[in-house]
Every structure is written in structure tokens, then in C-alpha cells.
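A.B. asks:
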């Protein structure tokens, strides 16, 4: 096929006509910002906010 005959996209002067989407979509809504009433002194200090628990090598709780 000749390179001249290959054509991608609409020809010059031709307008693209899209089909109307027949699927129902949810209505758009504004995004809200969530704010929490947390103060720095209310947070756990240092290692107290660590949720990793040390387990023994022979602990097979997941079997």
C-alpha cells in the first residue's frame, strides 16, 4: 500500500461525528475535603504508633 494512500484520522475538512453514549453514568459531584480535628499533642509519640508486632520464627499462625 502506498504511503500516500494511507490515512489516519479524518480527512481535511471532514468533521468527526461521535455517537451518543447509551450507557447511564452517575451524575458528577464536587469533591469534598475531609478535615479531622486532630492536634499534634493528641497523636501517639514515637514508637507508640508502630503497628508492627514482633513474632517468633516458630509462630505458624498463618498455616
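Numbering (our numbering), first residue to last: 593 to 655. Even for Gly, the Cβ is constructed at its ideal location relative to N, Cα and C.
Taking the C-alpha atoms as reference points, what is the distance between residue 634 and residue 620?
C.D. replies: 36 Å
A.B. asks: Do the CB positions of residue 614 and residue 608 come within less than 8 Å of each other?
C.D. replies: no
A.B. asks: Under three-state DSSP, which class holds residue 632?
C.D. replies: Correct three-state label for residue 632: helix.
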